[in-house]
Amino acid sequence: MIVAEQKPLEEIERMIVPYERILILGCGTCMTVCDAGGEREVSYLHSALRLAQAKSGNGAHAFAEYTLKRQCDPEFLELLVDRVADVDAVLSLGCGIGVQAIAERFSELPVLPGVNTSFMGMAKESGVWDERCAACGDCVLDETGGICPVTRCTKGILNGPCAGTKNGKCEANKDMDCAWILIYKRLEKLQQLEKMRRYYPPRNFRPIPRPRRIAARTGVASGGEDGQLIA
Amino acid sequence: MCASLAVSHRSYQANRAGKLSPDHSLIPPCQAACPLHMDIREYVDLVAQGKILEALQVIRSGNPFPSICAYVCTHPCETACRRAQVDKPIAIRALKRFALEFGGDRLVQAEAETTHSEKVGIVGSGPAGLACAYYLRKLGYPVTVFEAHSEVGGMLRTGIPQYRLPRSVLDTEVQRLKQMGAEIRLNTRVVSLDLLFEMGYQAVFVTIGAHQGLRMGIDGEESPGVIDGATFLREVNLGLKPSLGDRVAVVGGGNVAIDAARTALRLGARRVSILYRRTRAEMPADDVEVEQALEEKIKILFLAAPTSIPRERGQLTVTCTKMELGEPDASGRRRPVPIPDSEFNQDVDALITAIGQVPQTPTDFHLRTGRGSTIQVDPATLTTNRSGVFAGGDAVTGPATVVEALAAGRLAASRIDDYLQHNYPLAGRDERETLTGDLQPATLEMIRRTGRQDPEVLAPETRTKDFDAVELVYDWESATNEARRCLRCGTGAEILFQDKCATCLTCLRVCPYHVPYLDDSGSIQIPADQCQACGICVAECPAGAIALRKPHDRRQVSEELDHILEAATQSKARPLIVGFCCQYGLFGTGRLAGLWRGTGAGVWIVSVMCVAKVEAEHMLRAFELGAEGVFIAGCGEQCARENTASWVQSRVEKVRGTLAQLGLEPERIQAFAPDGSTEDAGEWIDGFAEQIGTLYLTAVLLQEVRT
Chain A
0 MIVAEQKPLE
10 EIERMIVPYE
20 RILILGCGTC
30 MTVCDAGGER
40 EVSYLHSALR
50 LAQAKSGNGA
60 HAFAEYTLKR
70 QCDPEFLELL
80 VDRVADVDAV
90 LSLGCGIGVQ
100 AIAERFSELP
110 VLPGVNTSFM
120 GMAKESGVWD
130 ERCAACGDCV
140 LDETGGICPV
150 TRCTKGILNG
160 PCAGTKNGKC
170 EANKDMDCAW
180 ILIYKRLEKL
190 QQLEKMRRYY
200 PPRNFRPIPR
210 PRRIAARTGV
220 ASGGEDGQLI
230 A
Chain B
0 MCASLAVSHR
10 SYQANRAGKL
20 SPDHSLIPPC
30 QAACPLHMDI
40 REYVDLVAQG
50 KILEALQVIR
60 SGNPFPSICA
70 YVCTHPCETA
80 CRRAQVDKPI
90 AIRALKRFAL
100 EFGGDRLVQA
110 EAETTHSEKV
120 GIVGSGPAGL
130 ACAYYLRKLG
140 YPVTVFEAHS
150 EVGGMLRTGI
160 PQYRLPRSVL
170 DTEVQRLKQM
180 GAEIRLNTRV
190 VSLDLLFEMG
200 YQAVFVTIGA
210 HQGLRMGIDG
220 EESPGVIDGA
230 TFLREVNLGL
240 KPSLGDRVAV
250 VGGGNVAIDA
260 ARTALRLGAR
270 RVSILYRRTR
280 AEMPADDVEV
290 EQALEEKIKI
300 LFLAAPTSIP
310 RERGQLTVTC
320 TKMELGEPDA
330 SGRRRPVPIP
340 DSEFNQDVDA
350 LITAIGQVPQ
360 TPTDFHLRTG
370 RGSTIQVDPA
380 TLTTNRSGVF
390 AGGDAVTGPA
400 TVVEALAAGR
410 LAASRIDDYL
420 QHNYPLAGRD
430 ERETLTGDLQ
440 PATLEMIRRT
450 GRQDPEVLAP
460 ETRTKDFDAV
470 ELVYDWESAT
480 NEARRCLRCG
490 TGAEILFQDK
500 CATCLTCLRV
510 CPYHVPYLDD
520 SGSIQIPADQ
530 CQACGICVAE
540 CPAGAIALRK
550 PHDRRQVSEE
560 LDHILEAATQ
570 SKARPLIVGF
580 CCQYGLFGTG
590 RLAGLWRGTG
600 AGVWIVSVMC
610 VAKVEAEHML
620 RAFELGAEGV
630 FIAGCGEQCA
640 RENTASWVQS
650 RVEKVRGTLA
660 QLGLEPERIQ
670 AFAPDGSTED
680 AGEWIDGFAE
690 QIGTLYLTAV
700 LLQEVRT
């Protein structure tokens with residue numbers, strides 16, 4: 000799941016200054032799950048912005064709120080057509096993908112990001128999320144006991160541990176587990192310690208041609224500039 | 000403000016509100032068990048909130064004579080109460096009595112208008128007859144009740160001893176019924192129903208009760224000094240004082256036997272014993288009654304059955320055989336079997352037989368009777384073999400309870416109405432589901448144990464001297480504490496907006512009672528029969544998909560907040576302080592409310608049914624609408640849950656973060672959990688008001704300096 004956190008209120012306040020009528024738009028999928036932009040947060044932010052406006056006394060904005068099931072699919076965005084007809088800007092609490100999807104669908108409408116999209120991760124417990132995947136495009140989890148060295152090792156090295164590990168913790172942060180020690184222990188349990196002996200060639204940091212596109216059907220060109228599919 | 004935006008926002012909210020209005024609550028076990036189907040959960044909750052007048056209204060709307068039930072109801076609701084799985088059932092009957100006494104039930108006036116011309120005659124003025132008269136008057140029919148005895152009330156008057164039902168209570172209800180225009184003719188025995196029809200009555204309700212005591216069929220039953228329980232109680236209750244002598248034995252194990260024994264004691268008998276042929280476990284009498292009889296030093300001889308009552312030279316002796324329990328009989332109770340050669344004798348001065356009663360229907364009524372001489376009726380319509388004649392109460396069921404008789408009377412009234420108006424009789428069906436099932440161990444374990452507290456009773460030494468009511472009424476604190484034990488079955492949370500649920504598992508993680516679970520298809524389920532209605536998942540759900548099942552519960556906090564703030568902004572007192580306060584128990588019932596009148600600031604209270612239901616947005620909204628300070632006051636240690644305060648604190652922290660970002664002092668919002676003493680609450684609120692006052696003044700001064 001994509002994890003994000005809401006931007007500081009001051010930043011949001013600054014962003015919306017030029018616009019009068021603003022639709023605060025939540026996302027009902029990842030942003031709801033990570034508590035950054037579901038219906039509850041939309042409504043809370045709405046209230047906070049009205050309070051900010053009441054406090055500053057120079058109230059210039061009119062807010063509306065709505066939450067889409069998902070902002071990253073064009074079909075859902077059709078539900079916005081009437082709702083954005085009268086707004087000057089959309090303040091999206093979707094992830095970066097949602098913000099861009101709206102920008103793409105509504106070419107003349109300013110879209111403002113209300114959250115900082117942070118990582119792909121999982122819930123550790125209620126209200127706590129941890130990063131787990133860097134979308135490197137070259138997964139080695141089969142070799143590393145299901146623990147990702149790219150994400151969970153501070154240095155992202157493929158042949159760990161480095162000399163900075165101490166008592167199972169990382170030299171960069173004494174509270175953080177060394178990913179390679181975790182990998183070692185897990186491989187030990189799996190009786191696959193021989194995998195530790197394997198030498199990985201240096202990671203290929205050559206620029207991945209971005210943006211990437213995955214096509215599950217044939218006859219689709221790789222990512223076009225305007226994102227249009229070439230059938 | 001952009002008009003169309005405002006409209007779209009409002010219509011969105013209205014849409015949501017529209018979806019928020021249907022009642023999805025389930026019928027709780029107590030209500031399902033009550034023959035009158037009273038909204039018990041509702042009035043118990045109102046008592047818990049200290050809203051006695053509202054509780055009284057709910058009680059009155061579901062019961063024609065609640066003050067009678069408040070004394071003598073056999074409370075099947077308490078038997079069904081699921082709190083018994085935690086510790087003990089809620090003392091529902093006693094709470095009803097508290098609501099009636101403290102809510103001023105005596106002052107309630109009843110009125111009814113006559114809107115129909117068809118007269119209805121009611122034969123018998125017992126609970127069924129009176130209830131039928133009550134509801135027929137409400138429907139607008141002229142009603143006459145015929146009573147053979149010199150006093151109105153049937154078994155309420157002639158059967159139930161005064162120490163259980165003070166006569167003033169019965170008189171008040173009867174007086175009210177007369178006020179409603181019901182005609183009651185005493186000393187009028189109806190001998191023929193044809194006569195009633197000739198007199199112009201178009202429908203008749205026969206509710207003659209079951210007054211004929213059953214005979215044991217043993218030698219000596221005709222001797223002087225032997226009397227049947229129903230007759231004995233009737234004589235005493237109609238003002239006679241039969242002299243019984245010192246030693247009295249009562250035969251039987253039902254409520255009549257206990258009533259007779261305790262009445263005999265109060266008439267001056269020194270040694271009263273009860274002979275019952277089975278054991279305590281099989282005794283049909285109410286447990287509390289048995290307990291109280293034992294406290295009054297009444298002896299109960301179990302597994303003893305009289306076989307003859309010889310009388311020699313003026314001395315009455317009762318010969319008994321000892322019994323043992325054999326196979327279960329038709330009633331499911333184990334059948335008593337005599338032990339050979341186990342006779343024993345007991346000398347008595349009087350013997351009261353109370354082994355059951357049957358109705359005695361005059362043959363001139365021409366009504367078909369069945370098993371145990373009861374009148375045969377269609378159970379759905381209460382119609383008899385004669386057109387226009389309905390029957391109900393003990394005359395139909397055999398000896399039963401007051402509340403069953405009241406329900407029969409109510410049913411008869413609506414069926415008579417159907418009959419007279421030529422309507423097809425439709426059962427007033429409640430569409431809602433009934434909640435059944437036991438609480439799961441994981442849930443059960445998390446419910447805080449608070450033992451049942453029964454109202455006090457008079458000491459046995461005092462109460463046996465006269466016929467004063469044995470049970471005392473709750474005081475305010477005990478009543479609210481007892482009512483707070485209610486689990487509010489069937490009012491819990493549900494995923495109202497399935498389409499919004501992102502299956503984020505927040506509800507599953509935050510529930511203090513481990514109720515929500517993931518089903519096999521990967522969807523979240525919140526089983527209605529387990530949810531404890533704390534509202535924490537509702538307040539925490541990031542999708543806003545969960546709501547409480549009762550419409551009022553869903554909207555309560557927001558509506559109350561809007562209402563309070565509307566009033567507050569019109570008042571001149573500044574700074575404005577909003578307090579979200581728990582409405583339950585003593586904390587909410589006025590004592591605390593008196594405290595903030597002393598503070599200089601304008602303190603406004605939003606009363607909530609547990610502060611766990613106050614969301615961060617509610618708190619922020621109070622600021623938005625003009626509050627200078629906000630506090631949240633839970634009931635502290637009284638709370639049904641142990642972690643409510645931590646949930647409140649985490650939401651307060653969130654709002655503080657937002658306030659800080661907006662340049663407002665975070666200390667403008669605070670949570671307060673008292674440790675039980677209200678004095679502390681007063682001091683705390685004074686201190687908070689002072690703090691907010693200073694912040695407010697500083698802000699005003701700064702503003703002036705700037706301008």
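Which chain is which? The protein sequence lines are A and B, in order. Numbered per numbering that gives the first Met the number 0, the first sequence spans residues 0 to 230. Numbered per numbering that gives the first Met the number 0, the second sequence spans residues 0 to 706. Even glycine gets a Cβ: it sits at the ideal position worked out from N, Cα and C.
Spanning the alpha carbons of B:GLN375 and B:ASN384 requires a straight line of approximately 8 Å.
Secondary structure note for A:ILE96: it is in no beta strand (DSSP E), and the uninterrupted alpha helix (DSSP H) holding it is 95-104. Contact annotation for B:ARG333 against chain A: no contact, minimum CB-CB distance about 54 Å [criterion: below 9 Å]. Contact annotation: the region 290-297 of chain B does not touch the region 327-337 of chain B, with fewer than three C-beta pairs closer than 8 Å. Taking a contact as a CB-CB distance under 8 Å, the pair B:ARG487 and B:ARG40 counts as one, their CB atoms being some 6 Å apart.
With respect to the C-alpha of B:VAL395, the residue from B:ALA256, B:ASP417, B:THR568, B:GLN359 having the closest C-alpha is B:GLN359. In chain order, ASP22, HIS23, SER24, THR490 place their CB closer than 8 Å to the CB of B:LYS549, counting only its own chain and leaving out the 5 sequence neighbours on each side.
Under the DSSP assignment, A:ALA59 falls outside any beta strand (DSSP E); it carries neither an H nor an E label.
In the DSSP assignment, A:CYS29 falls within the alpha helix (DSSP H) that extends over 29-32. Between the alpha carbons of B:ARG553 and B:VAL607 lies a gap of roughly 11 Å.
B:ILE576 sits close to B:GLU627, with the two beta carbons spaced by under 8 Å. Taking the CA atoms as reference points, A:THR143 sits about 14 Å from A:CYS132. CA-to-CA, the gap between B:GLY238 and B:CYS533 works out to about 53 Å.
One thing to note: A:LEU44 has its Cβ no nearer than 8 Å to the Cβ of A:VAL83. Straight through space, the alpha carbons of B:TYR583 and B:VAL654 are spaced by roughly 25 Å. In its chain, beyond the 5 residues on either side, LEU185, ASN186, LEU237 have a beta carbon closer than 7 Å to the beta carbon of B:SER149.
Residue contact check for B:PHE204 against chain A: no CB pair falls below 8 Å. With respect to A:THR153, A:ALA3 sits apart: the two C-beta atoms are not nearer than 8 Å. Taken through DSSP and simplified to helix, strand or coil, A:LYS123 comes out as strand.
Going by DSSP, A:ASP174 is part of the beta strand (DSSP E) stretching over 172-176. Under the 8 Å criterion on CB atoms, A:THR143 is classed as non-interfacial with respect to chain B. Annotated as distal: B:ALA98 and B:TYR133, with beta-carbon spacing of 8 Å or more. Excluding five sequence positions before and after B:GLU664, the CB atoms of its chain that fall closer than 8 Å to its own CB belong to LEU658, LEU694, given in chain order.
Contact check for B:GLN529 and B:LEU438: beta-carbon distance about 6 Å, within the 8 Å limit, so the pair qualifies. By the CB criterion at 8 Å, A:LEU186 and A:MET175 fall outside the cutoff.
Just so you know, the alpha carbons of B:GLN569 and B:ALA404 end up roughly 53 Å apart. Straight-line measurement puts the Cα of B:THR157 at about 20 Å from the Cα of B:PRO361.
A direct Cα-to-Cα measurement between A:ALA53 and B:ASP561 gives close to 17 Å. Distance from B:ILE308 to B:LEU300 at the Cβ level is roughly 15 Å; contact not present, criterion being Cβ atoms closer than 8 Å. Nearest C-alpha to B:VAL151 among B:ILE183, B:GLY139, B:ILE207, B:GLU197: B:ILE183. Residues of the region 34-63 of chain A whose Cβ lies closer than 7 Å to any Cβ of chain B, in chain order: ASP34, GLY37, GLU38, ARG39, GLU40, SER42, TYR43, SER46, ALA47, ARG49, LEU50, ALA51, ALA53, LYS54, ALA61, ALA63. DSSP places B:ASN344 in the uninterrupted beta strand (DSSP E) bounded by 343-347. In terms of Cα proximity to B:GLU197, the closest of B:GLN178, B:ALA248, B:LYS118 is B:LYS118. With contacts defined as CB atoms closer than 8 Å, B:PRO160 and B:LEU266 fail to qualify as a contacting pair.
By the rule that beta-carbons nearer than 8 Å mark a contact, A:GLU107 does not touch chain B. Of the candidates A:GLN5, A:CYS33, A:LEU8, the residue whose Cα lies closest to the Cα of B:THR505 is A:CYS33.
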